[in-house]
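Shown next, in structure tokens, is the structure this report addresses.
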DNA sequence: GAAATCAATGCAAACGTTTGATATTCTATT
DNA sequence: AATAGAATATCAAACGTTTGCATTGATTTC
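Protein chains in written order, with the working numbering: chain A, 7 to 358; chain B, 7 to 358.
Put into structure tokens, the structure is as follows:
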């Protein structure tokens with residue numbers, strides 16, 4: 007039952023195990039015939055190298071950790087897929103760690119990963135939503151390992167970051183609503199403390215300003231990133247004396263709640279009301295939903311994160327922290343009007 | 007930069023490293039004071055046990071492999087979550103491996119996992135759809151490791167299986183349609199070679215038979231598990247001289263395509279047409295979809311799989327292959343009529 | 001024909017733990 | 001005061017690799 011080792015092969019071939027090791031790893035300085043002989047015997051005996059033993063001496067495990075809040079959240083599988091694809095392409099395997107947005111769980115995982123001597127870590131910090139000091143990533147600083155973080159938040163800069171341009175995303179979403187002719191545009195955000203959320207809000211504000219449209223405080227509301235929250239906040243907005251005729255939401259899930267609320271109130275979308283989400287999760291594109299939204303290149307984010315990480319791991323070459331900013335993209339579907347007003351028309355309407 | 011080891015601690019405390027090891031692992035035979043002293047020093051020096059070295063001697067890595075076709079497919083994240091939750095609860099970490107339904111990739115992963123000396127493997131075999139002999143799992147037999155397989159297909163029985171009762175699922179889905187008063191019920195399946203698919207079909211047939219309803223060949227079609235396929239096949243069915251007034255689909259994704267097609271043809275659901283899916287993936291419950299479907303307890307499947315696996319890993323106790331069958335559950339939403347005909351009425355209508 | 005070169009191989013240490021066998025120290029008993 | 005156990009600590013082997021350095025023969029060079 008005992009697995010066959012390099013020594014077993016050596017005994018069989020009658021050579022030292024150093025030779026076996028070198029032969030099997032295609033190291034130079036081995037006679038071609040011996041090499042072939044060894045390969046053949048290894049094959050025949052069903053030899054499977056022990057990566058643990060190898061890891062112990064080489065100090066490399068060819069393993070990385072992927073720490074995310076929740077694989078069930080439709081936002082993360084695509085990222086995971088991107089990470090995994092490039093990892094496996096380079097002979098790495100990845101540990102999947104769900105923190106459930108929970109700092110304690112994250113801590114436990116981070117510890118486990120380090121003990122298991124992963125070569126690097128890719129993480130969406132739970133601290134973005136949880137913990138005493140939301141949004142502070144400084145606790146990651148003392149990980150003595152290559153780390154890539156999904157988030158653009160400030161840090162003292164020991165680790166690479168990767169994110170999309172949330173501000174720009176908020177801007178183009180709002181711009182689209184304006185140009186489609188909606189006049190009172192609300193913002194329904196997620197967790198206020200979230201960096202990405204506030205950037206998106208900033209983008210929203212910038213867009214309104216740049217089109218000389220009024221910024222109305224009562225049209226800006228935040229709660230959290232769930233559908234129920236979108237539903238409830240929309241309910242509130244509709245009660246306003248002067249309710250909005252469009253909304254840009256912090257993410258697609260919120261938008262879903264919004265749509266449900268609108269449907270309930272028999273408000274026609276997109277004719278009388280426009281909705282733009284954020285993220286472009288899979289189901290947003292399903293025929294029954296067709297949500298206009300800002301797409302995050304999720305797969306790409308995962309892919310790039312893994313590439314940056316592997317570079318740091320193997321790269322005496324490109325050392326140093328790298329900050330990657332990806333471009334968001336407007337995906338126009340059926341929850342906003344096709345009809346576009348020219349910029350001037352907007353101004354006229356607005357000022358009349 | 008070199009990480010602190012057990013030897014460093016021993017030197018500092020002035021004892022042998024055997025003592026340090028025992029102290030740190032709460033092994034008996036250590037003086038309480040020494041133990042505390044050692045713990046304190048370890049803490050102070052920032053000691054992190056090297057799981058690789060430990061794994062080498064204990065022959066345990068506290069790591070399992072999860073091999074699934076595609077984490078982006080909304081069916082799998084929940085399973086993964088179930089697996090991960092119980093794994094982490096027991097101090098295990100899990101390798102995520104996406105085979106992309108590709109046998110070759112699966113083989114590569116299986117090899118890697120074994121080399122990395124995982125303690126066990128949970129797998130949804132790519133061979134269920136790919137490879138020369140679809141549905142044959144015998145190639146898994148020579149993995150010398152605890153393995154739990156998602157699938158009920160035959161095997162020589164070296165490994166534990168876990169699945170839901172697909173036949174029963176097909177039965178209750180069809181029964182529901184019948185009792186809701188639909189008369190010509192079609193079946194739009196996925197890959198014909200798929201075990202689960204054919205079981206569901208059997209259930210469908212049994213239901214029709216047990217209600218004395220005719221089995222019509224032209225109403226049974228199969229292609230694959232994608233939305234487009236559902237759309238196309240529904241198109242075909244509608245062209246029949248005597249088209250169906252309901253359909254039970256091989257999974258929810260197919261149902262989505264069906265719904266889209268019906269919408270396009272302005273056929274009212276559920277008034278004039280009933281649809282039942284299978285799986286109950288997340289978005290089936292979203293307000294805009296509200297698909298009646300057969301729920302698979304995905305999270306539970308993952309959870310049980312992990313529990314069975316961990317038992318096999320640690321269990322001199324419950325040795326032996328275990329086969330777990332989970333119950334499917336009908337979730338009635340908005341794509342089937344609420345109205346139920348009594349059983350007799352069905353017969354009358356059918357025979358008149 | 002001795003010295004130098006070179007390819008092929010072997011030796012043995014190292015990686016950081018765990019653990020059975022053994023040695024040492026302490027405590028209580030006679 | 002001697003001694004049997006406990007209690008505590010140490011020794012050293014083992015886990016399965018990789019790798020720098022030394023060794024061996026054979027071949028080339030002068």
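Think of the CB as a built atom: it goes at the ideal place given N, C-alpha and C, for glycine as much as any other residue. None of these values were measured; they are calculated from a predicted model.
Cβ-Cβ distance between residue i and residue j below 8 Å
{"i": "residue 130(A)", "j": "residue 74(A)", "result": "yes"}
{"i": "residue 279(B)", "j": "residue 252(B)", "result": "yes"}
{"i": "residue 77(A)", "j": "residue 86(B)", "result": "yes"}
{"i": "residue 62(A)", "j": "residue 24(B)", "result": "no"}
{"i": "residue 104(A)", "j": "residue 90(B)", "result": "yes"}
{"i": "residue 254(A)", "j": "residue 282(A)", "result": "yes"}
{"i": "residue 333(B)", "j": "residue 155(B)", "result": "no"}
{"i": "residue 125(B)", "j": "residue 70(B)", "result": "yes"}
{"i": "residue 422(B)", "j": "residue 298(B)", "result": "The requested residue 422(B) does not occur in the structure, where chain B is confined to residues 7 to 358."}
{"i": "residue 118(A)", "j": "residue 11(B)", "result": "no"}
{"i": "residue 149(A)", "j": "residue 116(A)", "result": "yes"}
{"i": "residue 205(B)", "j": "residue 163(B)", "result": "no"}
{"i": "residue 127(A)", "j": "residue 151(A)", "result": "yes"}
{"i": "residue 248(B)", "j": "residue 190(B)", "result": "yes"}
{"i": "residue 339(A)", "j": "residue 187(A)", "result": "no"}
{"i": "residue 214(A)", "j": "residue 207(A)", "result": "no"}
{"i": "residue 178(A)", "j": "residue 306(A)", "result": "no"}
{"i": "residue 256(A)", "j": "residue 203(A)", "result": "yes"}
{"i": "residue 19(B)", "j": "residue 41(B)", "result": "no"}
{"i": "residue 88(B)", "j": "residue 68(B)", "result": "no"}
For residue j and residue i, the rounded distance between their alpha carbons
{"i": "residue 135(B)", "j": "residue 165(B)", "result": "20 Å"}
{"i": "residue 242(B)", "j": "residue 267(B)", "result": "10 Å"}
{"i": "residue 138(B)", "j": "residue 157(B)", "result": "18 Å"}
{"i": "residue 9(B)", "j": "residue 64(B)", "result": "21 Å"}
{"i": "residue 6(B)", "j": "residue 92(B)", "result": "In the structure as shown, chain B starts at 7 and stops at 358, and residue 6(B) therefore has no counterpart that could be examined."}
{"i": "residue 210(A)", "j": "residue 233(A)", "result": "21 Å"}
{"i": "residue 244(A)", "j": "residue 212(A)", "result": "24 Å"}
{"i": "residue 55(A)", "j": "residue 225(B)", "result": "53 Å"}
{"i": "residue 295(A)", "j": "residue 183(A)", "result": "18 Å"}
{"i": "residue 181(A)", "j": "residue 277(A)", "result": "18 Å"}
{"i": "residue 95(B)", "j": "residue 153(B)", "result": "19 Å"}
{"i": "residue 217(A)", "j": "residue 260(A)", "result": "26 Å"}
{"i": "residue 246(A)", "j": "residue 239(A)", "result": "11 Å"}
{"i": "residue 223(B)", "j": "residue 109(B)", "result": "33 Å"}
{"i": "residue 167(A)", "j": "residue 321(A)", "result": "17 Å"}
{"i": "residue 140(B)", "j": "residue 133(B)", "result": "5 Å"}
{"i": "residue 47(B)", "j": "residue 66(B)", "result": "27 Å"}
{"i": "residue 31(A)", "j": "residue 235(B)", "result": "47 Å"}
{"i": "residue 80(A)", "j": "residue 111(B)", "result": "24 Å"}
{"i": "residue 107(B)", "j": "residue 273(A)", "result": "43 Å"}
{"i": "residue 356(A)", "j": "residue 185(A)", "result": "In this prediction, residue 356(A) scores a pLDDT of 33, lower than 50, which makes its location untrustworthy; the coordinate-derived value is nonetheless stated afterwards. Each residue's Cα considered, the two are about 12 Å apart."}
{"i": "residue 258(B)", "j": "residue 250(A)", "result": "35 Å"}
{"i": "residue 72(A)", "j": "residue 319(B)", "result": "25 Å"}
{"i": "residue 351(A)", "j": "residue 144(A)", "result": "Residue placement at residue 351(A) is poorly supported in this model, since its pLDDT is 42, which falls under 50; the coordinates are not used for a value here."}
{"i": "residue 328(B)", "j": "residue 82(B)", "result": "22 Å"}
{"i": "residue 113(B)", "j": "residue 49(A)", "result": "16 Å"}
{"i": "residue 270(B)", "j": "residue 53(A)", "result": "59 Å"}
{"i": "residue 16(B)", "j": "residue 147(B)", "result": "45 Å"}
{"i": "residue 35(A)", "j": "residue 26(B)", "result": "42 Å"}
{"i": "residue 33(B)", "j": "residue 326(A)", "result": "43 Å"}
Whole-Å CB distance - residue i paired with residue j, under 8 Å assumed
{"i": "residue 45(B)", "j": "residue 29(B)", "result": "7 Å"}
{"i": "residue 275(A)", "j": "residue 265(A)", "result": "7 Å"}
Original post:
Okay, do the region 289-300 of chain B and the region 214-232 of chain B touch, 3+ Cβ pairs below 8 Å being the bar?
Top reply: Per the Cβ contact rule, the region 289-300 of chain B is not in contact with the region 214-232 of chain B (fewer than 3 Cβ pairs under 8 Å).
Original post:
Looking at C-beta atoms only, is the number of pairs between the region 306-317 of chain A and the region 180-196 of chain A that lie closer than 8 Å three or more?
Top reply: no
Original post:
In the region 86-166 of chain A, which residue ranges form an unbroken alpha helix (DSSP H) of at least 4 residues, counting only runs that do not cross its ends?
Top reply: With a minimum length of 4 residues, the continuous alpha helix (DSSP H) runs that stay inside the region 86-166 of chain A are 109-121.
**OP:** Entirely within the region 199-277 of chain B and at least 3 residues each: give me those beta strand (DSSP E) ranges in chain order.
**Re:** Listed in chain order, they are 226-228 and 252-255.
Subject >> 4-residue-minimum alpha helix (DSSP H) runs that sit fully inside the region 50-74 of chain B, ordered along the chain >> reply: Here the runs fully enclosed are 57-64.
Original post:
Which parts of the region 294-321 of chain B are runs of the alpha helix (DSSP H), unbroken and 4 residues or longer, counting only runs that do not cross its ends?
Top reply: 304-320
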